[in-house]
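Protein chains: 2
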Amino acid sequence: MLTMTSIRRLGGEFALINAIAKVTGKPKNKRVVVGIGDDAAVLAYDKKHYMLLTVDMLVEGDHFSQKWSTPEQIGMKAMEVNVSDIAAMGGLPEYALISISLPEDVPVESVIRVYKGMNTVARKYNFDIIGGNTTHGKNLIIDIIIAGFVEKDRLCLRSGAKIGDLVCVTGDLGKSAAGLETLKAGFKGNVKPHLEPKCRLKEARMISLHANAMIDVSDGLASEVGHICERSNVGAEVFKEKIPISKNTLSLAKKVGKDPYDLALHGGEDFELVFTIPEEKLENIKIACPITIVGRIVDKKRGIYLVDKGRRMPPGSGYDHFKQE
Amino acid sequence: MLTMTSIRRLGGEFALINAIAKVTGKPKNKRVVVGIGDDAAVLAYDKKHYMLLTVDMLVEGDHFSQKWSTPEQIGMKAMEVNVSDIAAMGGLPEYALISISLPEDVPVESVIRVYKGMNTVARKYNFDIIGGNTTHGKNLIIDIIIAGFVEKDRLCLRSGAKIGDLVCVTGDLGKSAAGLETLKAGFKGNVKPHLEPKCRLKEARMISLHANAMIDVSDGLASEVGHICERSNVGAEVFKEKIPISKNTLSLAKKVGKDPYDLALHGGEDFELVFTIPEEKLENIKIACPITIVGRIVDKKRGIYLVDKGRRMPPGSGYDHFKQE
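Quick note, the sequences are listed as chains U and B, same order. If you count by numbering that gives the first Met the number 0, then the first sequence holds residues 0 to 324, one letter each, in order. If you count by numbering that gives the first Met the number 0, then the second sequence holds residues 0 to 324, one letter each, in order.
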């Protein structure tokens, strides 16, 4: 190898993605509406719809552990994570392909149970697993591809945020990371949000009719707001005390000695939605889960910052597989 | 885990795929023309076209080695392998997504070179890399998704073989396995067919206009003929001495002490095409590479067999990641 510049030194996963996008260049095909850089690729389809294509890889040890998840839970999580990317675009999933790498002598019973978990989620959201690939590798890896569709007027990109928009989140944050920390510490508690995360497909369909920008929370609120700002060429202020955190998350965080706001900002895997919307449109959104206004989109010059008891702080970045030690 | 039945004991990769297909069930969506069980999934698209979706995972150590491949060669091979699946359906690739798992401290320079290799192949076949996913894992894994299209009258499935069809192959076989064995043994020789395999996209487009069934050679001739027979509900006879093997493959096989026919039948990764065609239609196919008639489709009752110097033999099966020790 010619150079030993590590990905970490390059600046982590998102710097790597930018470097990759430079290699591939802009798509030559005019039917590519959005390429690298959003939750899913967006392709011309018919007069009323775009097609969405997304892929997300889950690696044992990094994204799940057979120590505390059943095979069904692993399958369900893998599928919810991927549906969440389609949800974040405002769309509906239609087809899934599963690419799986299985370690030596994995019990076939547990492989089948992983597929049962994935199929349960596919059935819940009314789509089919239509193909894939099985191979052998050092650890269990599940890579799911989802093709979906979105009505043109419902497409919700990371790049649509406007100055003055409210920054809102669905449900509550930090719950998955709090569960993971609890499991790692060997404590008891309600860790279901970590083991069985649910995406917000139904809510996203309603939000996408009114929001200017949307993303799902896979790497933590700080990272997701950062992505929206980068792609929309804007800044944002987020009020720390507004971030919705459940009683269960607060209690688990206390038990494991972690700052719950840190878990919400940098933990990830909550699969809630972060969206930006003009203030007057917020009342149009009627969904079953709570929506919390956590901040506002501001001019790019003002940057991205967290307001904590009236003091401005840098938000930090989200979970990055290449930055963790 | 409830049972310890290993995949090996279940009967290898294809038995596993059948077990998975039982879990997922038949697609509910009427727009799924072909689901699990061919080189790509086939979906309704417009009046004239089907959409094709395929995914193939390459694992370091199993499918490539950084010991003897440059990063560019790894990227090129990964992409050719996937285009080959679209070719085998008679279609053309249009979009690719790349999902990659990178081991700790991989030099960013080599990751970028892998993407350059993939992009070179995408440009050669005139399609775009439009998205994907990067994550961290124990070994280098490249999972490529290709979406393509095929004219309805050009769709060529594994399931279309008819009794009496000739069984034909493009180019020559065993070359990739011969190269791999040479590299493993540390001998010198022309191992380019292993390091830089090329798929037969252009040839497949012509063949698909006339053939009844088609598949690409990823696991060896024996396995591919077996897939066609299983899906078409027919048998086949293959004449061993007809199998096309190049002088280079013969010479490498001799050097490493392997039977070249064994490499052709069970080695895989040649990415040539196997197709079945009525005898009278064969003359319609005008392509630049040689076509060899290696056998004939027969009644299912007669089974699948190899004819070696007038004697019938079982063909054996192809390369299977779960059956190798």
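Cβ coordinates follow ideal geometry from the N, Cα and C atoms, glycine included. Values in this document were obtained by computation on a predicted structure and should not be read as measured data.
- Taking C-beta atoms under 8 Å as the contact rule, Met205 of chain U and Ile286 of chain U qualify, at a distance of about 5 Å.
- From the beta-carbon of His226 of chain U, no residue of chain B is found nearer than 7 Å; the closest lies around 14 Å away.
- Rounded to whole angstroms, the separation of the alpha carbons of Ser68 of chain B and Leu194 of chain B is 6 Å.
- The C-beta distance from Ser98 of chain U to Asn132 of chain U rounds to 4 Å, short enough to meet the 8 Å contact threshold.
- Here DSSP, grouped into helix, strand and coil, assigns Glu150 of chain B to strand.
- Per DSSP, Asp127 of chain B is one residue of the beta strand (DSSP E) stretching across 127-135.
- One finds Thr134, His135, Gly136 in chain U with Cβ atoms closer than 8 Å to the Cβ of Asp61 of chain B, taken in chain order.
- Counting every other CB atom within 10 Å of its CB across the protein chains shown gives Gly147 of chain U a total of 16 or more, marking it as buried.
- Contact of Arg30 of chain U with chain B is assigned, a C-beta pair being separated by under 9 Å.
- About 14 Å separates the CB atoms of Thr53 of chain U and Ile16 of chain U; that is not less than 8 Å, and the two are not in contact.
- Per DSSP, the beta-bridge partners of Val306 of chain U are U:Phe238, U:Arg311.
- Residues Val293 of the same chain have their beta carbon placed closer than 6 Å to that of Lys241 of chain U, with the five preceding and five following residues left out of the count.
- Contacts with chain U at 9 Å (Cβ-Cβ) do not include Phe186 of chain B.
- Going by DSSP, His265 of chain U is part of the alpha helix (DSSP H) stretching over 259-265.
- With fewer than 16 neighbouring CB atoms inside 10 Å of its own CB, Ala184 of chain B falls in the exposed class.
- Ala221 of chain B sits in a helix when the DSSP states are folded into three classes.
- C-alpha of Ala121 of chain B to C-alpha of Tyr44 of chain U: approximately 21 Å in a straight line.
- According to the DSSP assignment, Arg204 of chain U belongs to the alpha helix (DSSP H) that extends over 200-206.
- The three-state reading of DSSP puts Thr69 of chain U in coil, since its state is none of H, G, I, E or B.
- Assigned with DSSP and collapsed to three states, Ile35 of chain U falls in coil, not helix or strand.
- Neighbourhood of Ser98 of chain U in chain B, by CB distance below 7 Å: Val54, Met56, Asp142, in chain order.
- The beta-carbon of Phe270 of chain B is placed no less than 9 Å from the nearest beta-carbon of chain U.
- Between the segment 234-252 of chain U and the segment 171-190 of chain U, the count of Cβ pairs shorter than 8 Å is three or higher; the stretches touch.
- Under the three-state reduction of DSSP output, Arg295 of chain B falls in the strand class.
- The beta-bridge partner set that DSSP reports for Leu249 of chain U is empty.
- Taking a 10 Å sphere around the C-beta of Glu279 of chain U, we find fewer than 16 other C-beta atoms and assign the residue as exposed.
- Put simply, the backbone Cα of Pro277 of chain B is about 58 Å away from that of Phe274 of chain U.
- Contact check for Ser158 of chain B and Arg230 of chain B: beta-carbon distance about 4 Å, within the 8 Å limit, so the pair qualifies.
- In this structure, the CA atom of His209 of chain B is about 20 Å from the CA atom of Val82 of chain B.
- Among the residues of chain B, none has a CB under 7 Å from the CB of Thr69 of chain U; the nearest is roughly 10 Å distant.
- The distance from the Cβ of Lys197 of chain U to that of Phe126 of chain U is about 16 Å, inconsistent with a contact at the 8 Å cut-off.
- One Cα belongs to Gly302 of chain B, the other to Met312 of chain B, and the distance between them is close to 11 Å.
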